[in-house]
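Line by line, the protein sequences are chains X and G. Heads up: the first sequence runs through residues 870 to 1205, numbered per this note's numbering. Heads up: the second sequence runs through residues 870 to 1205, numbered per this note's numbering. The beta-carbon is built from N, C-alpha and C at its ideal position, and this holds for glycine as well. In what follows, a single structure is set out as structure tokens and then discussed.
There are 2 protein chains.
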Amino acid sequence: MSSIIRQDMSTKDWTIFSVKRAQRPHDYKGSKKKKKILEKYEPSCPFCKGNESMTPEEILAINGGKDWSVRVVPNKFPAVEYIKGSPEGSERRHISGPYLAIDGIGHHEVIIESPWHNDNIVRMDTTHVEKIVRAYRQRFIDISSDHQNQLVIIFKNHGKRAGTSLDHPHSQIVATPFVPGYIRNKMFEAQRYYDDFGNCVYCDIIKHELEDASRLVYDNDKYLAIAPYASVVPYNIVIYPKKHQSCFAETTKDELMDLASVLRTVLKKLYDLLDDPDYNFVIDSSPVDQSGNRHYHWHLEILPRLSTRAGFEIGSGMNINSIFPETCAENLRNQK
Amino acid sequence: MSSIIRQDMSTKDWTIFSVKRAQRPHDYKGSKKKKKILEKYEPSCPFCKGNESMTPEEILAINGGKDWSVRVVPNKFPAVEYIKGSPEGSERRHISGPYLAIDGIGHHEVIIESPWHNDNIVRMDTTHVEKIVRAYRQRFIDISSDHQNQLVIIFKNHGKRAGTSLDHPHSQIVATPFVPGYIRNKMFEAQRYYDDFGNCVYCDIIKHELEDASRLVYDNDKYLAIAPYASVVPYNIVIYPKKHQSCFAETTKDELMDLASVLRTVLKKLYDLLDDPDYNFVIDSSPVDQSGNRHYHWHLEILPRLSTRAGFEIGSGMNINSIFPETCAENLRNQK
């Protein structure tokens, strides 16, 4: 058998595992990418300490004032924009022929993770990473309280292949006025599992993965990180809270240090094992007005950009992966 | 208003149009990519004329023998593989703890589009492109007749950013033993529209786009090409048969020249306007045993790889696009 196709039991999505495909000849050799050497301060960078006047007005700062550690500002080039007193609900919908459109009202903010241009989560103390996830939580809760927002997404793009446009370490928050089909389908499958079995599907995955341990990368008191059974890309990692929490806003302040620790540890293992790979991570959470439900379980998904999504993946919604998650988890566990 | 969010009426998926985002500063300047200069013959290329013995046994050739024009061979590094007498249906399913897997049985073939290493659809005569789409149709019909297959996907990856591994012009066919959720959702939305309105949603889009003409790129007797209302990326183009056809297998032989013509014309306009962009295209068709249905309408979708899918797109399933399709369509219409 050349390959095996595995199902993600939480989404019912399939990944084709074909180890043979890693042996393909390539006209495009993986030319060793040269990482830019960055200085601690970059005069033209709007996110650097000392250049605070180059950003729109600050929304939040951890250790505020001149000696800020983490800063949150509006995105100067927003995908969606908050406008006070803008139309709501049906008033913001527009019909154009047979088509439907919505005014692009929402929130789009940048979390500046460090005052230093050349900083990186893997080189920070866990106490600094705690400040980043504290800012995530604070802004997630604040943005959720604006009842125009339906979905809040926190994400990070690290490196050019991951779609970053600026080197200074930062992540982003976007809130949209509806729940997109992709999220609705994930919620639907989780609800159906709950209806069938009376458990959160993610809680059942977590229980199994802690017992089985072959895909476990790291865990601490409050969180675990696994390479999922139907990993969509090589070194795909998902971090879950061990306790059932449907929405990221349910995270308590005393859990943040453990969250910072699991995030930093996993990113550092990836950095050391794979030589600073480009990656995205995203916090996938229940829509804000469904917080507290029994069937969904928020998680932070890390997707290294080691492979390229091509025509088959685009056309089928399936993924082809050339490395089994058991191999990735073992390699990462051994990476001290 | 900084942006507008448009809905694809066939899938109910959303795209955020934010023209401002095109003005972002970039630490990664779009370094002008140097295209490799290719020879007509490359001794190490398994797809070149003269090197036929380097591929597995030929499945189909148009103008067979030594002077073949288009050749179809099994993929030497298959994602899924055809094995005679392999288990079927439930017998190929495996349970592992709480998880489900399926043997990777199916078809994975390569359509070698030309004997020449440095050829390109945009430089071929339409009569040669007709041979390529004739091979697509023939293999689609043949593979569909194996009742183990549920979905047949034809796709092409052009250029490194589109995930190609070999320069020699080729496309691929993959058949899988189930219908993935992504396709099932598209079928579901189309069926619901049919139930509500009594028309194929794609037929209604086609009628509107031919009348409106602002997003029309090109059309001939049998096919049209548009930049869709909720285009997922800059210069996203979709080709539809004007007549209702749910499955690509319903294409008749006398339509193939028009299909070749619309495909070649659109790819040439993209090539000339955007300086040979990397792209994927994929033929999106009804599952094989649902051929002849009234609600779905096969189409060929072209996705230039000018932008990078990042954390927001991965986490939300929505897309952010910095150019309106009306602009893209006008630019392509003006590109003679």
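(1) Relative to the C-alpha of D896 of chain X, which candidate in G:H986, G:I873, G:K935 and G:I874 has its C-alpha closest?
(2) As a quick exercise: from X:F1057, X:W1167 and X:H1037, pick the residue whose alpha carbon is nearest that of S1115 of chain X.
(3) Report, in whole angstroms, the separation of the C-beta atoms of I1075 of chain G and V1086 of chain G, which I expect to be a contact under 8 Å.
(4) Kindly provide the ranges of any beta strand (DSSP E) runs that are 3 or more residues long and lie completely inside the segment 997-1032 of chain X, ordered along the chain.
(5) Is I1052 of chain G helix, strand or coil when you go by DSSP?
(6) Under the rule that 16 or more other beta-carbon atoms within 10 Å means buried, what is D972 of chain X, buried or exposed?
(7) If you reduce the DSSP assignment to three classes, tell me which class P925 of chain G lands in.
(8) Whose C-alpha, out of G:V888, G:G1161 and G:L1169, is nearest the C-alpha of Y1148 of chain G?
(9) Counting only the same chain and skipping the five closest in sequence on each side, list residues whose C-beta sits under 8 Å from that of S1160 of chain G.
(10) Does D1158 of chain X have its Cβ less than 8 Å from a Cβ in chain G?
(11) Does Y1062 of chain X come within less than 8 Å of chain G when only Cβ atoms are used?
(12) Assign E926 of chain G to buried or exposed, taking buried as 16 or more other Cβ atoms, counted over all protein chains shown, within 10 Å of its Cβ.
(13) Determine whether the Cβ of L1136 of chain G lies closer than 8 Å to any Cβ atom of chain X.
(14) Quick check: the segment 981-999 of chain X against the segment 952-965 of chain X, are at least 3 beta-carbon pairs closer than 8 Å?
(15) Could you pull the start and end residues of the alpha helix (DSSP H) that N1203 of chain X belongs to?
(16) Tell me whether the beta-carbon of P988 of chain X lies closer than 8 Å to the beta-carbon of P912 of chain X.
(17) How big is the Cα-Cα spacing for E1199 of chain G and S1100 of chain G?
(18) Could you give the distance in angstroms between the alpha-carbon of D1073 of chain G and the alpha-carbon of K1138 of chain X?
(19) From X:I873, X:H976 and X:C914, pick the residue whose C-alpha is nearest to that of K953 of chain X; which is it?
(20) If we count the other Cβ atoms within 10 Å of its Cβ and call it buried at 16 or more, is I964 of chain G buried or exposed?
(21) With V949 of chain X and I885 of chain G assumed to form a contact (beta carbons below 8 Å), what rounded beta-carbon distance in angstroms separates them?
(22) If you compare alpha carbons, which of X:M1056, X:T924, X:I874 and X:W883 is closest to M1187 of chain X?
(23) Which residue spans inside the segment 1164-1188 of chain G form an unbroken beta strand (DSSP E) run of at least 3?
(24) With DSSP run on the structure shown, which of helix, strand or coil describes L969 of chain X?
(25) To the nearest angstrom, report how far apart P915 of chain X and D1145 of chain X are at their CA atoms.
(26) Starting from the C-beta of I981 of chain G, find all residues in its chain whose C-beta is less than 6 Å away, skip the five residues before and the five after it, and write them out in chain order.
(27) What is the DSSP secondary structure of D1141 of chain G, reduced to helix, strand or coil?
(28) Is it right to say S1018 of chain G is buried, meaning 16 or more other beta carbons lie within 10 angstroms of its own, or is it exposed?
(29) Compile a chain-ordered list of the residues in the segment 876-892 of chain X whose CB is closer than 8 Å to at least one CB of chain G.
(30) Enumerate in chain order the residues of its own chain whose CB-to-CB distance from V1151 of chain G is below 6 Å, with the five nearest sequence positions on each side excluded.
(31) Starting from the beta carbon of N1149 of chain G, find every residue of chain X whose beta carbon is closer than 7 Å, and list them in chain order.
(32) Alpha carbon to alpha carbon, what distance is there between N1105 of chain G and Y1063 of chain G?
(33) Give me the Cβ distance between L1215 of chain X and L1201 of chain X, rounded to the nearest whole Å; I'm assuming they're in contact under 8 Å.
(34) Apart from the five residues just before and just after I1192 of chain X, which ones in its own chain have a Cβ nearer than 6 Å to its Cβ?
(35) Using the rule of at least 16 other Cβ atoms within 10 Å of the residue's Cβ for burial, across every protein chain shown, is D877 of chain X buried or exposed?
(36) Note down the Cα distance separating I1108 of chain X from I1022 of chain G, rounded to an integer number of angstroms.
Quick answer:
(1) G:H986
(2) X:W1167
(3) Contact doesn't hold; Cβ gap of about 13 Å is too wide.
(4) 1020-1027
(5) helix
(6) buried
(7) coil
(8) G:L1169
(9) S1013, S1115, C1116, A1118 and E1119
(10) no
(11) no
(12) exposed
(13) no
(14) no
(15) P1194 to N1203
(16) According to the sequence shown, residue 988 of chain X is Asp rather than Pro. Going by C-beta atoms, D988 of chain X is not nearer than 8 Å to P912 of chain X.
(17) 14 Å
(18) 52 Å
(19) X:H976
(20) By the 10 Å Cβ count, I964 of chain G comes out exposed.
(21) 6 Å
(22) X:W883
(23) 1168-1173
(24) strand
(25) Taking the straight line from one Cα to the other gives about 24 Å.
(26) Only F916, R940 and H1039 meet the Cβ criterion.
(27) helix
(28) Residue identity differs from the one stated: residue 1018 of chain G is Asn in this sequence, not Ser. By the neighbour-count rule (16 or more Cβ atoms within 10 Å), N1018 of chain G is buried.
(29) Q876, M878, T880, K881, D882, W883, I885, F886, S887, K889, R890 and Q892
(30) F1024 and E1170
(31) Going along chain X in sequence order, the residues near N1149 of chain G (Cβ under 7 Å) are A1179, G1180 and I1183.
(32) 25 Å
(33) Chain X is shown only over 870 to 1205; residue 1215 of chain X falls outside these bounds and no answer can be derived.
(34) P1103
(35) D877 of chain X comes out buried.
(36) 33 Å
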